[in-house]
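Numbering (UniProt numbering) for the sequence shown: 2 to 249.
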Amino acid sequence: LSVRKKLVVGNWKMNGGQARNVALIDGLKGAIPEGVDVVVCPPYPYLAQVKALAGELGVGLGAQDLSEHSAGAFTGDVAAPMLRDVGCEWVLVGHSERRTLHGEGDQLVAAKISAALDAGLAPILCVGETLEERDGGRAEEVVSSQLASVVSQLGAVAMAGLVVAYEPVWAIGTGRTATPEQAELMHVCIRESLAGAGVAAGVVRILYGGSVTAANAAALFAKPNIDGALVGGASLVAENFSSICVAA
Ligand code: PEP
Numbered sequence: 002l003s004v005r006k007k008l009v010v011g012n013w014k015m016n017g018g019q020a021r022n023v024a025l026i027d028g029l030k031g032a033i034p035e036g037v038d039v040v041v042c043p044p045y046p047y048l049a050q051v052k053a054l055a056g057e058l059g060v061g062l063g064a065q066d067l068s069e070h071s072a073g074a075f076t077g078d079v080a081a082p083m084l085r086d087v088g089c090e091w092v093l094v095g096h097s098e099r100r101t102l103h104g105e106g107d108q109l110v111a112a113k114i115s116a117a118l119d120a121g122l123a124p125i126l127c128v129g130e131t132l133e134e135r136d137g138g139r140a141e142e143v144v145s146s147q148l149a150s151v152v153s154q155l156g157a158v159a160m161a162g163l164v165v166a167y168e169p170v171w172a173i174g175t176g177r178t179a180t181p182e183q184a185e186l187m188h189v190c191i192r193e194s195l196a197g198a199g200v201a202a203g204v205v206r207i208l209y210g211g212s213v214t215a216a217n218a219a220a221l222f223a224k225p226n227i228d229g230a231l232v233g234g235a236s237l238v239a240e241n242f243s244s245i246c247v248a249a
């Protein structure tokens, strides 16, 4: 049995509403298996609402992003201690949509991870290559360098407290999934780069993300280095999300 408990994280992105959130969480009642860590990441305004609903089901709460600062004149930003204050335990950092739509680079990503850890949040570091980078044979190099820059800023000890999500950009929201073999190869590469940097890589959970569905989840989870999933689209339908949790 793996030392790494499976983890399934739903990233709602900019979707939801008070009524819809109630229906979605209601739909998960009785459908969340034991022995799997399950987390949902709603938009900021709904964190407190979803905390109250999801807490009862043993579903954890995560935010989709955070500021690298802890308080002050940063209009529109949300700090890690605030996320803790409303009951978050997790936070996504460096999602590809943050990297591409908001120009977040590796340095900022590392600063955000550091802010999360300082506040007692568990960061989920998202990494992944574009299609062009994969086609150019550079996928492993790109992902290793995204990891290396965070390791060099944070140090190996802090890295052991992280979850890494491998999300090939070409598979996010495209309906195109990496094959279990492609994902497993990259997960092994991620674990080896972490180990090479002195991180206790055996305990780090590495999630796969990119068009995970109820239909393809089991084959992905069967791979020894795939420790769970980060799920976008399919996390917005209770039936689909719970099937993915059951497959874990
Ligand atoms: C994501 O954005 O984290 C993601 C994996 O999205 P999707 O499952 O919709 O591809």
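Ideal Cβ positions, reconstructed from N, Cα and C, are used throughout, including at glycine.
(request) Please determine, among Glu90, Arg135, Ile114, Tyr167, the residue with the shortest C-alpha to C-alpha distance to leucine 48. (result) Taking only the C-alpha atoms, the option nearest leucine 48 is Glu90.
(message) Given the structure, does histidine 96 come close to ligand 1, in the sense that its CB is under 7 angstroms from one of the ligand's heavy atoms?
(response) It does: the Cβ of histidine 96 is within 7 angstroms (strictly closer) of some heavy atom of ligand 1.
(message) Looking at ligand 1, does it come within less than 7 angstroms of serine 146, judged from the CB to the closest heavy atom?
(response) no
(message) Between the alpha carbons of residue 1 and valine 4, how many angstroms are there, rounded?
(response) An answer regarding residue 1 cannot be provided, because it is not within the stretch 2 to 249 covered by the chain.
(request) Check whether the Cβ of glutamate 130 lies closer than 7 angstroms to any heavy atom of ligand 1, and answer yes or no. (result) Result no, Cβ not under 7 angstroms from ligand 1.
(request) Counting only runs of 3+ residues fully inside the segment 14–101, write out the beta strand (DSSP E) ranges in chain order. (result) 38–42, 61–64, 91–94
(request) Output the distance between the C-alpha atoms of glycine 63 and proline 43, rounded to the nearest integer angstrom. (result) 7 angstroms
(request) For glutamate 142, count neighbouring Cβ atoms within 10 angstroms of its own Cβ and tell me buried if that reaches 16, exposed if not. (result) exposed
(request) Counting only the same chain and skipping the five closest in sequence on each side, list residues whose C-beta sits under 8 angstroms from that of alanine 248. (result) Only Ala215, Ala218, Ala219, Phe222 meet the Cβ criterion.
(message) Which residue marks the beginning of the beta strand (DSSP E) containing leucine 126, and which one marks its end?
(response) 123–128
(message) On the DSSP letters alone, give me the boundaries of the alpha helix (DSSP H) that residue 1 sits inside.
(response) Beyond the ends of the chain as shown, which are 2 and 249, falls residue 1; an answer cannot be given.
(request) Measure from the alpha carbon of lysine 7 to the alpha carbon of each residue in Val37, Asp86, Asp78, Ala120, then state which is nearest. (result) Looking from the CA of lysine 7, the closest CA among Val37, Asp86, Asp78, Ala120 belongs to Val37.
(request) Give a yes or no on contact between the segment 172–182 and the segment 190–206, applying the rule of three or more CB pairs nearer than 8 angstroms. (result) No: the two stretches stay apart, fewer than three of their Cβ pairs being nearer than 8 angstroms.
(message) Considering just the uninterrupted stretch of the alpha helix (DSSP H) at residue 265, what are its terminal residues?
(response) Since the first residue shown for the chain is 2 and the last is 249, residue 265 is missing from the structure and cannot be characterised.
(request) Tell me whether glutamate 240 counts as near ligand 1, meaning its Cβ is closer than 7 angstroms to at least one heavy atom of that ligand. (result) no
(message) Can you find the residues in the same chain that come closer than 7 angstroms, C-beta to C-beta, to cysteine 246, ignoring five residues on each side of it along the sequence?
(response) Val9, Ile33, Pro34, Val37, Val39
(request) Examine ligand 1 and report whether any of its heavy atoms sits within less than 7 angstroms of the Cβ of valine 110. (result) no
(request) Report the rounded CA-to-CA distance for phenylalanine 242 versus asparagine 22, giving the unit in angstroms. (result) Pairing phenylalanine 242 with asparagine 22, the inter-Cα distance amounts to about 14 angstroms.
(message) Output needed for alanine 159: all residues of its chain with C-beta closer than 7 angstroms, excluding positions within five of it in sequence on either side, in chain order.
(response) Leu118
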